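Participant:
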Amino acid sequence: MKRAEAIAKLNQLAGVDLHSLAKQFDVTVLSPNGKVNKGWAGHVCERFLGIPINSAQSPNFGSWELKSIPLKRLKNRQLQFKETMAITMIDPYHVARTPFEESHLLAKLQKAVCVVRQVGASYNDPSFIHSIVTLDLLGDLYTTVKADYEAVQDCLNDPARGFDALSGRMGVFVQPRTKGSGHGSVSRAFYARPKFLARFVKLT
DNA sequence: CTATGATCATCC
DNA sequence: GGATGATCATAG
Numbered sequence: 779m780k781r782a783e784a785i786a787k788l789n790q791l792a793g794v795d796l797h798s799l800a801k802q803f804d805v806t807v808l809s810p811n812g813k814v815n816k817g818w819a820g821h822v823c824e825r826f827l828g829i830p831i832n833s834a835q836s837p838n839f840g841s842w843e844l845k846s847i848p849l850k851r852l853k854n855r856q857l858q859f860k861e862t863m864a865i866t867m868i869d870p871y872h873v874a875r876t877p878f879e880e881s882h883l884l885a886k887l888q889k890a891v892c893v894v895r896q897v898g899a900s901y902n903d904p905s906f907i908h909s910i911v912t913l914d915l916l917g918d919l920y921t922t923v924k925a926d927y928e929a930v931q932d933c934l935n936d937p938a939r940g941f942d943a944l945s946g947r948m949g950v951f952v953q954p955r956t957k958g959s960g961h962g963s964v965s966r967a968f969y970a971r972p973k974f975l976a977r978f979v980k981l982t
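Going letter by letter, the first sequence gives residues 779 to 982 in my numbering.
So, in structure tokens, the structure goes:
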């Protein structure tokens with residue numbers, strides 16, 4: 779399936795409640811223990827496109843990648859990004875010696891197709907598709923993201939800091955953040971800050 | 001067990 | 001509110 783084709787298909791989902799789709803595709807949203815499957819939204823979209831779920835680096839779709847971003851409504855009825863978006867894992871060795879132009883980070887951003895969805899106060903409130911966007915790094919977006927990436931490289935290459943010193947407080951548009959299965963696993967990934975995402979979506 | 005899909009919980 | 005770190009389900 780081509781990127782444009784997937785975008786067109788996803789656009790047909792505008793206004794649909796993702797929860798009903800989750801039920802249709804039998805995607806777990808809430809486990810029997812009251813725990814939440816935080817990846818359910820993404821899984822639903824993948825299933826909708828007829829793509830098998832797997833945990834590979836994500837070149838599943840061939841030349842592009844699917845992501846979903848939550849949007850929340852402020853008290854003043856304005857829409858705002860609720861969370862940061864996980865972009866890709868950080869491989870210390872790879873990142874430290876790979877220029878931004880060849881990084882997974884840049885590649886992922888350029889291939890990403892984001893499903894912007896509205897969410898309620900909590901995960902079990904209805905969730906509707908807002909729009910589908912593509913991430914094009916233009917002008918300052920590119921330079922700023924590049925600077926953020928290089929800041930991470932500097933940290934990794936600094937003997938006094940290194941991988942363990944990476945913190946979510948770094949970066950302007952993209953930040954290195956802890957991520958893992960949770961149980962003691964210590965891996966980190968690049969996350970896109972709301973500020974960055976807001977550049978791609980019309981928040982009316 | 002870990003990578004990938006992101007969101008939840010908590011602290012400021 | 002916004003930011004930072006922790007955590008959950010699924011597949012290999």
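For each residue, glycine too, the CB sits at the ideal point set by N, CA and C.
The model shown is predicted, which means the values in this text are computed figures rather than measured ones.
In angstroms with no decimal places, state the Cα-to-Cα distance between D968 and T876.
Facilitator: Residue 968 sits at position 190 when you count from the first residue of the first sequence. Residue 876 sits at position 98 when you count from the first residue of the first sequence. Correcting the residue type first, residue 968 is Phe in the shown sequence and not Asp. In a straight line, the C-alpha of F968 is about 15 angstroms away from that of T876.
Participant: Tell me the residue span of the alpha helix (DSSP H) that contains T912.
Facilitator: Walking along the first sequence from the start, residue 912 turns up at place 134. Counting along the chain, T912 falls outside any alpha helix (DSSP H), though it belongs to the beta strand (DSSP E) covering 906 to 912.
Participant: Does the beta-carbon of L799 have 16 or more other beta-carbons within 10 angstroms, so that it is buried, or is it exposed?
Facilitator: For the purposes of this step, residue 799 is taken as residue 21 along the first sequence, with counting starting at 1. Classification for L799: buried.
Participant: Grab the span of the alpha helix (DSSP H) containing E880 for me, first residue to last.
Facilitator: Within the first sequence, numbered from 1, the residue matching residue 880 stands at position 102. Here E880 belongs to no alpha helix (DSSP H), and DSSP marks it neither H nor E.
Participant: Give the secondary structure of D926 by DSSP, where H, G and I count as helix, E and B as strand, and everything else as coil.
Facilitator: The residue you call residue 926 lines up with position 148 of the first sequence. Looking at D926 - three-state DSSP - the assignment turns out to be helix.
Participant: Taking all protein chains shown into account, do 16 or more other C-beta atoms lie within 10 angstroms of the C-beta of L944, making it buried, or fewer, making it exposed?
Facilitator: As a working mapping, residue 944 is identified with position 166 in the first sequence. Under this definition L944 is a buried residue.
Participant: So for E783, helix, strand or coil by DSSP?
Facilitator: Counting from one through the first sequence, the residue named residue 783 turns up at place 5. In this structure, E783 counts as helix in the three-state DSSP scheme.
Participant: Kindly indicate which three-state DSSP category K845 falls into: helix, strand or coil?
Facilitator: As a working note, residue 845 is residue 67 in the first sequence. If DSSP states are grouped into helix, strand and coil, K845 belongs with the strands.
Participant: Name the residue from G817, S905, H797 whose alpha carbon lies nearest to the alpha carbon of L849.
Facilitator: On the first sequence, residue 849 is found 71 positions in, with the first residue counted as 1. Of G817, S905, H797, the residue nearest in Cα terms is S905.
Participant: Just reading off the alpha helix (DSSP H) that V964 is part of, what are its end residues?
Facilitator: The count along the first sequence starts at 1 and reaches residue 964 at position 186. No alpha helix (DSSP H) contains V964, which DSSP labels as neither H nor E.
Participant: Does DSSP put A976 in a helix, a strand or coil?
Facilitator: The residue labelled residue 976 in the question sits at position 198 within the first sequence. A976: coil per DSSP, three-state reduction.
Participant: Note down the Cα distance separating L796 from V822, rounded to an integer number of angstroms.
Facilitator: As a position in the first sequence, residue 796 is number 18, starting the count at 1. As a position in the first sequence, residue 822 is number 44, starting the count at 1. If I take the Cα positions, the gap works out to 7 angstroms.
Participant: Would you kindly report the start and end of the unbroken beta strand (DSSP E) that includes L827?
Facilitator: Taking the first sequence and counting its residues from 1, the one referred to as residue 827 is at position 49. Segment: none, L827 is in no beta strand (DSSP E) and carries neither H nor E.
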